[in-house]
Amino acid sequence: MEKIEQKKLRNQNVISLFLEMMSCERGSGINTLSAYKRDLEEMQLFFYNHKISLLEVSTDHLIAYLHDLFQRQLVASSQRRKISVIRQFYSFLCCEKLRKDNPADTLTLPKKNHTLPKILHKKTIANLLEQAQIEANNPSPGQWQRIRTFLLIELLYATGMRVSELVTLPYHTINLKERTMIIRGKGNKERLVILSPSALHALQMYKKAHSSTKKMKDSPWLFPSSAKLGHLSRQVFARELKGLASRAGIQNESISPHVIRHAFASHLLEGGADLRTIQILLGHTDISTTQIYTHLLPYKLQKLVQDHHPLAKKKKKY
0 MEKIEQKKLR NQNVISLFLE MMSCERGSGI NTLSAYKRDL EEMQLFFYNH
50 KISLLEVSTD HLIAYLHDLF QRQLVASSQR RKISVIRQFY SFLCCEKLRK
100 DNPADTLTLP KKNHTLPKIL HKKTIANLLE QAQIEANNPS PGQWQRIRTF
150 LLIELLYATG MRVSELVTLP YHTINLKERT MIIRGKGNKE RLVILSPSAL
200 HALQMYKKAH SSTKKMKDSP WLFPSSAKLG HLSRQVFARE LKGLASRAGI
250 QNESISPHVI RHAFASHLLE GGADLRTIQI LLGHTDISTT QIYTHLLPYK
300 LQKLVQDHHP LAKKKKKY
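Mapping to numbering that gives the first Met the number 0: the sequence shown position 269 is 268, numbers consecutive.
Pasting the structure below:
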């Protein structure tokens, strides 16, 4: 029987191997890998306290662990992620012949909770962008930061990209001549998006403000930072966005980068775009993720049927 410390070392090794595979073969991003690492190390600690190695875990052991998780009343999305990574982890161990059986094979995911996203009215977005532009045009000290905030919001609303995709945009990703931009999303998948005239205007302001700065010239990022990451963090942008919203007279509790992404999708749907197009623009792998937006416009969809369905125009006969 192995000593407990040796088991702990083996657990860490197989976790590292799994994360390396997810990064190299499946292109998982930093945030995904960090979440997977936390989930697996949490499971590893649970079994370590019970003197069980991850390589010795049975289905009953996993059920006991999941019961412990459910006792903490985690939201359904967190439960789904934790179970999903456990299934992938043990599938990987079987493929690598580190285990003969897969103890996670029969684990099922809890039902998806389709929480409707918050939606900002078009006028609210317009007010937010107007305030951002007013502040960007202010020549007082700190103007470049205000121009950066203006550009970040313009790009977010023009493309609907994820905030993690936005802050990690390479400097040369934008084609000004074609008015396009390539976004590298989840799983290293690339998609092409079109830039709005207002986003291009904000970009030109930003490039002009930074054309002479050493920070911009030497950095590969569109939004460089002196922080460890080398680029602007999601947290800093979220903070700047809430501050701007407050100055625009908007309740900042309802504002976040993700809410603006939702606004992009819902406003496109309201304008007549089809779900498949929105799916491509958002970078959703599964269209069921995009279908949640159809629940946001019940009145408009009802009116569309009433106005265009042939039977809706016929008068009832009694």
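Cβ coordinates follow ideal geometry from the N, Cα and C atoms, glycine included.
Jot down the residue ranges of each uninterrupted alpha helix (DSSP H) in the region 43-124, minimum 4 residues, whole runs only, in chain order.
58-70 and 75-94
Looking only at its own chain, which residues have a Cβ that is under 8 Å from the Cβ of residue 197, when we skip the five neighbours before and after it?
128, 153 and 157
If I'm right that residue 145 touches residue 134 with Cβ under 8 Å, what's the distance once you round it to whole angstroms?
4 Å
Distance check for residue 160 and residue 72, CA to CA, integer angstroms please.
31 Å
Ordered along the chain, which non-local residues of its own chain (more than five positions away) have a Cβ less than 7 Å from that of residue 137?
145
Going by the CB atoms, is the gap between residue 178 and residue 184 shorter than 8 Å?
no
Does the region 98-111 come within contact of the region 59-76, defined as at least 3 CB pairs closer than 8 Å?
yes
Return the bridge partner residues of residue 173 from the DSSP annotation.
180
Rounded C-beta distance between residue 97 and residue 151? I'm assuming under 8 Å.
So it is not a contact: roughly 44 Å between Cβ atoms.
Closest to residue 66 by C-alpha separation, out of 107, 246 and 218, would be which residue?
107
Could you tell me if residue 223 is buried or exposed, where buried requires 16 or more neighbouring beta carbons within 10 angstroms of its beta carbon?
Residue 223 counts as buried, since no fewer than 16 other beta carbons sit within 10 angstroms of its beta carbon.
Between residue 245 and the rest of its own chain, which residues show a CB-CB distance below 7 Å, the 5 nearest in sequence each way excluded?
251
Quick check: the Cα distance between residue 217 and residue 173, rounded to an integer number of angstroms?
17 Å
Locate the beta strand (DSSP E) running through residue 254, then write down its first and last residues.
No beta strand (DSSP E) contains residue 254, which DSSP labels as neither H nor E.
With distances taken from CA atoms, which of 15, 200 and 119 is nearest residue 132?
For the options 15, 200 and 119, the alpha carbon positioned closest to that of residue 132 is the one of 200.
Taking the alpha-carbon of residue 192 as reference, which of 140, 263, 239 and 186 has the nearest alpha-carbon?
Distance from the Cα of residue 192 is smallest, within the candidate group 140, 263, 239 and 186, for 263.
Just how far apart, CA to CA, sit residue 181 and residue 175?
Spanning the alpha carbons of residue 181 and residue 175 requires a straight line of approximately 12 Å.
Helix or strand or just coil, what does DSSP make of residue 249?
coil
Buried or exposed: where does residue 188 fall if 16 or more other Cβ atoms within 10 Å of its Cβ makes it buried?
So residue 188 counts as exposed.
From this set, 25, 24 and 85, which residue's C-alpha is nearest residue 42's C-alpha?
Out of 25, 24 and 85, 85 has the C-alpha closest to the C-alpha of residue 42.
Let me know the secondary structure DSSP gives residue 189 once reduced to three states.
strand
Taking all protein chains shown into account, do 16 or more other C-beta atoms lie within 10 angstroms of the C-beta of residue 15, making it buried, or fewer, making it exposed?
exposed
From what residue to what residue does the alpha helix (DSSP H) around residue 143 run?
142-158
Compute the Euclidean distance between the alpha carbons of residue 11 and residue 40, then round it to the nearest angstrom.
Looking at the two C-alpha atoms, the distance is approximately 8 Å.
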